[in-house]
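S.K.:
Residue numbers (UniProt numbering): 1 to 238.
1. Measure the alpha-carbon distance for residue 61 versus residue 130 and round it to whole angstroms.
2. What does a CB cutoff of less than 7 Å around residue 303 pick up in its chain, not counting 5 residues either side in sequence?
3. Would you tell me roughly how many angstroms separate the C-alpha atoms of residue 157 and residue 199, rounded to the nearest one?
4. Hey, could you find the ends of the alpha helix (DSSP H) residue 160 is sitting in?
5. How would you call residue 96, buried or exposed, if buried means at least 16 neighbouring beta carbons within 10 angstroms?
6. Can you check which of these residues, 17, 28, 38, 15, is closest to residue 107 by C-alpha distance?
7. Once the 5 residues before and after residue 132 are set aside, which same chain residues still bring their CB inside 8 Å of it?
8. Going straight from the alpha carbon of residue 168 to that of residue 230, what length do you get?
9. Tell me whether the beta-carbon of residue 186 lies closer than 8 Å to the beta-carbon of residue 228.
10. Straight-line CA distance for residue 207 to residue 176?
11. Any chance you could list the alpha helix (DSSP H) runs of at least 4 consecutive residues sitting entirely within the segment 103-157, in chain order?
12. Residue 215 lies in the beta strand (DSSP E); which residues open and close that run?
13. Can you give me the start and stop residues for the alpha helix (DSSP H) that residue 208 sits inside?
14. Over the uninterrupted alpha helix (DSSP H) stretch that includes residue 19, give me the two end residues.
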């Protein structure tokens, strides 16, 4: 794609342009990051998504899922995966979570997120691949993400890594762990080559092996525009 189109704020105001530019199912990681940097630096990312549930309902689905997921929100440690410019962090704060970090590979996004002053820590890195993220085992009570499982973004190889950094929890002698909440476009599970026949089967395998437990799998409308989303919640087991 020509860089002059990526540099045009008018183009980024078009949902058709965003669909074609950001959600091409064959998008590579490098292409995705380059295009996100343009989207953010043109000041269009927040304008596209903030407080627009009929345009992008992913954040609202995340809000509903996180609302009752953890009772003691003030002490819970949460990691916002793919925190972008901090829109999800603002939702966590509204819900009563105060001890949360953010992780995103986009320096441009993190600059805006840092200016909002709501994150305890911000990690400038991606998850998945050959190098584990520099976060100790058993760190977080919950991980949340919305729109991160998309073309050229979070790889399937990141799933075990996500569960690695969730805390163990013992309730009435039952060994359980923290939660992973993921909101994504449902169709991507089949239409994105990197996810098709890999994403769901890996979760199913981990569940059969007794490593995780599916808490919820809920379809919701308008994940982005007229595309349905799925909110999946898994709990780590020990």
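The C-beta atom is built at its ideal place from N, Cα and C for all residues, glycine as well.
M.R.: In short, the structure shows the following:
1. As a working mapping, residue 61 is identified with position 61 in the chain shown. As a working mapping, residue 130 is identified with position 130 in the chain shown. Distance between the alpha carbons of residue 61 and residue 130: 31 Å.
2. What is shown of the chain runs 1 to 238, which leaves residue 303 out entirely.
3. For the purposes of this step, residue 157 is taken as the residue at position 157 of the chain shown. For the purposes of this step, residue 199 is taken as the residue at position 199 of the chain shown. Between residue 157 and residue 199, the C-alpha separation is close to 9 Å.
4. Taking the first residue of the chain shown as 1, we reach residue 160 at position 160. Run containing residue 160: 158-164, per the alpha helix (DSSP H) assignment.
5. To locate residue 96, count along the chain shown from 1; it is residue 96. Around the CB of residue 96, fewer than 16 other CB atoms lie within 10 Å, so the residue is classed as exposed.
6. The residue labelled residue 107 in the question sits at position 107 within the chain shown. Comparing Cα-Cα distances from residue 107 to each of 17, 28, 38, 15, the minimum goes to 38.
7. Within the chain shown, numbered from 1, the residue matching residue 132 stands at position 132. Hits under 8 Å: 161, 164.
8. Working through the chain shown from its first residue, we reach residue 168 at position 168. Working through the chain shown from its first residue, we reach residue 230 at position 230. Each residue's Cα considered, the two are about 26 Å apart.
9. Here residue 186 refers to the residue found at position 186 when the chain shown is read from its first residue. Here residue 228 refers to the residue found at position 228 when the chain shown is read from its first residue. Cβ distance < 8 Å, so residue 186 and residue 228 count as in contact.
10. Indexing the chain shown from 1 puts residue 207 at position 207. Indexing the chain shown from 1 puts residue 176 at position 176. The alpha-carbon atoms of residue 207 and residue 176 are separated by roughly 13 Å.
11. The qualifying runs are 107-116.
12. By 1-based counting over the chain shown, the position of residue 215 is 215. Taken as a continuous stretch (DSSP letters only), the beta strand (DSSP E) holding residue 215 covers 212-224.
13. By one-based count along the chain shown, residue 208 stands at place 208. Unbroken alpha helix (DSSP H) run through residue 208: 199-208.
14. Residue 19 sits at position 19 when you count from the first residue of the chain shown. Here the alpha helix (DSSP H) through residue 19 covers 15-22.
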